[in-house]
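Participant: In terms of my numbering, the sequence shown opens at residue 45 and continues consecutively.
Virtual Cβ for every residue (Gly too), placed ideally from N, Cα, C.
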Amino acid sequence: HTVLGELIMLISVSTGVYSIDLIQPDSVVVQPGQSLTILCQVSGYSLTDNSYATGWIRQSEGKAMDWIFHQWGGGSGSFYQNNALKNKFSYSRDMSAGTAMMKGQNVQPEDTAVYYCVRHPTVTKTTNTPAQILSNKQLNHKHMF
């Protein structure tokens, strides 16, 4: 089995000329037991702004969303995580580059999900819909990282 982390490719909010973007790769496939690394490039706000938190959630097919973690802006912004997943996922960020990174350790088939890079307070208007989990047949036509 492969573990598919199908990622949100773009969350975009437009109000006038102001835009907030959180951009991730289209999809990632890893084997069970391997690590999973997901980068998220943010624009339209700064990871140093303590008015916002950046983090990840995931949704497995047919299940409710799981909150993984989030960290508020600033050099030592408060970090919050789902205790049930704290040994599975870690988080780091490069504030000068505007990138946040989530790393999953020893991923298993049950970790197959759509992973969303998110900003809090929650974005309320999106111009793009979330990416869907792809079947293995469809994956043959996707560029894998």
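Can you list, in chain order, the residues of its chain whose CB lies under 6 Å from that of residue 117, leaving out five sequence neighbours each side?
Facilitator: 91, 92, 93, 94 and 96
Participant: Can you find the residues in the same chain that come closer than 8 Å, C-beta to C-beta, to residue 129, ignoring five residues on each side of it along the sequence?
Facilitator: 110, 112 and 113
Participant: Indicate the three-state DSSP secondary structure (helix, strand or coil) for residue 168 in the structure shown.
Facilitator: Residue placement at residue 168 is flagged as unreliable, the pLDDT there being 43, under the threshold of 50; the coordinate-derived value follows with that caveat. The answer is coil: DSSP assigns residue 168 none of H, G, I, E or B.
Participant: Going by Cα to Cα distance, which pick from 134, 151 and 153 is closest to residue 100?
Facilitator: 134
Participant: How big is the Cα-Cα spacing for residue 175 and residue 120?
Facilitator: The predicted model places residue 175 with a pLDDT of 39, which falls under 50 and marks its position as unreliable; any figure quoted below should be read in that light. The alpha-carbon atoms of residue 175 and residue 120 are separated by roughly 32 Å.
Participant: Three-state secondary structure (DSSP) at residue 108?
Facilitator: coil
Participant: In this structure, does DSSP put residue 70 in helix, strand or coil?
Facilitator: Of the three classes helix, strand and coil, the one that applies to residue 70 here is coil, per DSSP.
Participant: Within this structure, are the beta carbons of residue 137 and residue 64 separated by less than 9 Å?
Facilitator: no
Participant: Please classify residue 64: does DSSP put it in a helix, a strand, or coil?
Facilitator: strand
Participant: So, for residue 139: in the same chain, excluding its five sequence neighbours on each side, which residues have a beta-carbon less than 6 Å away from its beta-carbon?
Facilitator: 91 and 92
Participant: Within the continuous beta strand (DSSP E) that includes residue 80, where are the two ends?
Facilitator: 80 to 87
Participant: Just reading off the beta strand (DSSP E) that residue 103 is part of, what are its end residues?
Facilitator: Under the DSSP assignment, residue 103 falls in the beta strand (DSSP E) whose first and last residues are 97 to 103.
Participant: Would you kindly report the start and end of the unbroken beta strand (DSSP E) that includes residue 148?
Facilitator: 143 to 148
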